[in-house]
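Here the protein sequences line up with chains A and B, keeping their order.
At position 133 of the first sequence the residue is numbered 156 (this note's numbering), and the sequence of numbers has no breaks.
At position 269 of the second sequence the residue is numbered 366 (this note's numbering), and the sequence of numbers has no breaks.
Here's the structure, in structure tokens; my notes come after.
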Amino acid sequence: MINKKALTSEAYLGLFLMLILAVLGIWAKGFYSINNVISLLNAYSYILIASIGMNMIIITSNIDVSTGALISVVCIVIAAFGKIGLPFGLLLPIAMLAGVILSTLNGLFITSLKIPAIVATLATTQIFQGVLPLVVEGSIYDLPASFTWLAFDAKLFGMIPLSLFMCLIVTVVFILFMRYSRFSKKLYAIGNNRTGARLSGINVNKTIVQTYAIAGALFGITAVIIATAGQRVTTTMGSGLEMTFIAAVVLGGTNTAGGSGRIFGTVIGALILAVIAPAINYLGISPNWSDAIKGTIIIVSVVVSTAKYRKRKRKLCMSAE
Amino acid sequence: MNGKRKILKFTFNKALFGIWILIFAAIALKNPSFLSAPYIINVMLRNIVEIAIVALPMTLIIITGGIDLSVGNIMVLAAMLGGISAPFLGAGGAIMITLFTGLVCGFVNGILIAKIKISPMVATLATMFLFLGLGRGISKGGSIYSYGFSEFMGNTSIAGIPLQIWLFLLLAALFVVILSRSILGRALYGIGLNSDAVRYAGINTEKILIGIYTVCGLMCGLVAFIWLGRFTSIKYDAGIGFNMKVITIVVLGGTSINGGIGDMKGTILGTLIIATLNSGLTVLNIPIDIQTIVQGSVLIIALISYAIINERTKRKTVVKINEKEELI
């Protein structure tokens, strides 16, 4: 019993991650220098925060391919406010609010019109992407120091970036939330069997819209971390990121069919994705190979977890007979 | 009953056709220079033909309830390997390598989806990263340039019409026949509606799925020549927007992303609508950003109307299959 519990896909992933980290410790000189670790963790924190939101959406057996465009929009929104000189304490709630509004639109679009999530968010991607260049010409630049406060000055104990601390809070809150709250049970129920969930008294549409809203708030936090990294915010800050988030979720063992998956898997999946790029650099491999290696790791992990799932299913069938 | 169904199906594609005529007429009225034949052939149709060719096998895939997010990246990888090998192996070798790359990439997708049973979206998302990354790694992030044969494919005209449009017409006819007139086409709808039932009926669904993903890869390889010839150089990230454009066209053409419903003629009409919008809005001097919004809005309007119609069509399709079997 204990054996079975220990060998979850998260455990395999964790082992794999430790293997990577050990290899890096031996062969990559300087990988564990404080500067490198902190810059890696900074990238990790924004990938993880958004991936947690994506994970919740995928558990309900929906998906969001507009996240990248949505984050670009939020980046520009807070850059416009940051230009006036608003402090970080106001930028964060503004970003979260903007994220919630845009993501709720996605949710409403999917539920009220009964359009499959991938197509609906594909359409909203085009609209988000199209609106941006109309409002802003290329980029907002020369942002004041108050805007980049998070990236350069906000350090706990003089070295740990605040963004990492934010990521830690979000992760812990959501691990607890997804394990113990009543709301999270509804998400799994909807993902497993939508009609069954509806018949057992869950307001499916409302729950899905709420899920998108919560995810939107997380996308907003991610947008703040991305936007405040420099003094210039362009209109394509987030483009393409949605694929990284989905990959982190899938790598973490969440089935895109919905109804399964844990936040902890995503925590490890996102860390693997965040480690790859700097790891390759320190191992002396050309950074041009990083995407290929990412793809290979995702394929292998998905193949292994699918094979395991099928084996378990067959065992269940046999024991039932 | 029979007559009624015929009318419904007829009006469905005709509605798309009507929308296309409407858009076309509106743009032509605003700017009559749009109506010239050379412009329509050499700009409007020639610019969309790569997407249009890949949309044909993509329709088959989406009808089975699958999706392929990696098509653009297969195309780029195939074009790159062809372009790199051309100086060493000559045109013949480059052609073989390009087509073979497309074939293998599609086959890998098919195996992952049909044999290992990974959901199509996850499988092709992963291979998307892989193909993108291979392209980037092999080209070292640089550009790969066009060679003799791809230039021929991209820039030749026969009887005043570019070669790639002839190619598209030929393939479109072929795919229309496959989907609507063959046993294979029937099986594809069946897989989309109820894969298990089709398998129990004695059809080898795995083989069919591997087959269509491989054909899709092969078409990406074919398109790679045209793309490379038309732009003279290609970089690893050229295929990123391509995937979604192909899917947009197929969905606009009335194919349900849930599978089981769809029509090749709808896809062709969807292609024409997007082509007209793209080049028409350019003629009207509307900036490219508004074009993106317009495309998104057209997609949304189409989706809303399909969401209403599909519910009804789905019921009818089930009835239709039942009736067909009774007749046999």
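All residues carry an ideal CB built from backbone N, CA and C; glycine is no exception.
is_contact[residue i, chain A] using C-beta, thresh 7 Å
i                : result
Asp293 (chain B) : no
Phe226 (chain B) : yes
Leu315 (chain B) : no
Ala404 (chain B) : yes
Ala372 (chain B) : no
Ala223 (chain B) : yes
Leu260 (chain B) : no
Met98 (chain B)  : Caution applies to Met98 (chain B), whose pLDDT of 41 falls short of 50 and renders its modelled position unreliable; the value that the coordinates give is listed next. Chain A contact via Cβ: absent.
Ile390 (chain B) : yes
Lys237 (chain B) : yes
Asp386 (chain B) : yes
Met218 (chain B) : yes
Arg233 (chain B) : yes
Ile354 (chain B) : yes
Gly393 (chain B) : yes
Sub-7 Å separation of residue i and residue j beta-carbons
i                : j                : result
Thr289 (chain A) : Asn78 (chain A)  : yes
Leu173 (chain A) : Phe111 (chain A) : yes
Met316 (chain B) : Val151 (chain B) : yes
Thr311 (chain B) : Gly203 (chain B) : yes
Leu119 (chain B) : Leu174 (chain B) : no
Ala392 (chain A) : Ile150 (chain A) : No information on residue 392 (chain A) is available, as it lies outside the stretch 24 to 344 that chain A covers here.
Leu178 (chain B) : Thr156 (chain B) : no
Gly219 (chain A) : Leu166 (chain A) : no
Ala297 (chain A) : Ile70 (chain A)  : yes
Ile81 (chain A)  : Thr277 (chain A) : yes
Ile72 (chain A)  : Ile244 (chain A) : yes
Gly234 (chain B) : Asn311 (chain A) : yes
Ile255 (chain B) : Trp263 (chain B) : yes
Glu33 (chain A)  : Phe200 (chain A) : no
Gly292 (chain A) : Ala315 (chain A) : no
Pro184 (chain A) : Asp386 (chain B) : no
Gln261 (chain B) : Val146 (chain B) : yes
Ile231 (chain A) : Thr83 (chain A)  : yes
Contact with chain B by residue i, beta-carbon distance below 7 Å
i                : result
Ile321 (chain A) : yes
Lys27 (chain A)  : Residue placement at Lys27 (chain A) cannot be trusted, given a pLDDT of 49 that sits under 50; the coordinates are not used to answer.
Asp165 (chain A) : no
Trp5 (chain A)   : Summary: the structure shown does not reach residue 5 (chain A), with chain A confined to residues 24 through 344, and so no result is reported for it.
Ile138 (chain A) : yes
Lys317 (chain A) : yes
Met24 (chain A)  : Only weak support exists for where Met24 (chain A) lies, its pLDDT of 38 falling under 50; the value from the coordinates is given anyway. No, because no Cβ of chain B sits closer than 7 Å to the Cβ of Met24 (chain A).
Leu157 (chain A) : yes
Thr289 (chain A) : no
Val273 (chain A) : yes
Val232 (chain A) : no
Val142 (chain A) : yes
Ala146 (chain A) : yes
Close beta carbons around residue i, own chain, < 6 Å, minus the five adjacent residues each side
i                : result
Ile148 (chain B) : Lys342, Val343
Ser240 (chain B) : Ser330, Lys332
Ser277 (chain B) : none
Residues near residue i by beta carbon distance below 8 Å, same chain, minus five either side
i                : result
Ile25 (chain A)  : The pLDDT assigned to Ile25 (chain A) is 44, lower than 50, so where the model puts this residue is not dependable, and the model offers no usable value.
Glu160 (chain A) : none
Val100 (chain A) : Ile117, Ala118, Ala121
Trp117 (chain B) : Leu366, Leu369, Ile370, Thr373
Ser345 (chain A) : Past the edges of chain A, shown from 24 to 344, lies residue 345 (chain A), and the structure says nothing about it.
Close beta carbons around residue i, own chain, < 7 Å, minus the five adjacent residues each side
i                : result
Ala269 (chain B) : Leu153, Ile365
Ala29 (chain A)  : Since pLDDT at Ala29 (chain A) reaches only 47, below the 50 mark, its modelled position is unreliable, and no value is offered.
Cys98 (chain A)  : Ala246, Ile249, Ala250, Val256, Met260, Gly261
Thr148 (chain A) : Val88, Ser89, Ala92
Ala102 (chain A) : Ile163, Leu166, Ala250, Val256
Val391 (chain B) : Leu374, Leu378
Min CB distance residue i to chain E below 7 Å
i                : result
Thr279 (chain A) : In summary, chain E is missing from the structure at hand, where the protein chains are A and B.
Residue i: CB within 6 Å of a non-hydrogen atom of the ligand MN
i                : result
Ala315 (chain A) : Among the ligands in the structure shown, none appear at all, so the ligand MN cannot be discussed.
Please give me, in chain order, every unbroken run of the beta strand (DSSP E) with length at least 3 that falls completely inside the region 83–171 of chain A.
none
Pick out the complete alpha helix (DSSP H) segments inside the region 47–87 of chain A, 4 residues or longer, and give them in chain order.
Taken in chain order, the unbroken stretches of alpha helix (DSSP H) that lie wholly in the region 47–87 of chain A and span 4 residues or more are 57–82.
Do the region 291–310 of chain B and the region 366–379 of chain B touch if we need at least three Cβ pairs shorter than 8 Å?
no
Inter-stretch contact (C-beta, 8 Å, three-pair minimum) for the region 234–243 of chain A and the region 116–136 of chain A:
yes
At what residue ranges does the region 261–300 of chain B contain a whole run of the alpha helix (DSSP H), taking only runs of 4 or more?
280–297
Those runs of the alpha helix (DSSP H) which lie wholly inside the region 182–245 of chain A and span at least 4 residues
Fully enclosed alpha helix (DSSP H) runs of 4 or longer: 185–203, 205–215, 217–222.
Assess, as a yes-or-no matter, whether the region 44–52 of chain A is touched by the region 195–213 of chain A under the definition of 3 or more beta carbon pairs within less than 8 Å.
no
Does the contact criterion of 3 or more C-beta pairs under 8 Å hold for the region 237–251 of chain B versus the region 126–138 of chain B?
no
Report yes or no: do three or more beta-carbon pairs, one from the region 86–93 of chain A and one from the region 298–307 of chain A, lie closer than 8 Å?
Because the criterion of three Cβ pairs below 8 Å is not met, the region 86–93 of chain A and the region 298–307 of chain A do not touch.
Do three or more CB pairs link the region 277–291 of chain B to the region 161–169 of chain B at distances below 8 Å?
yes
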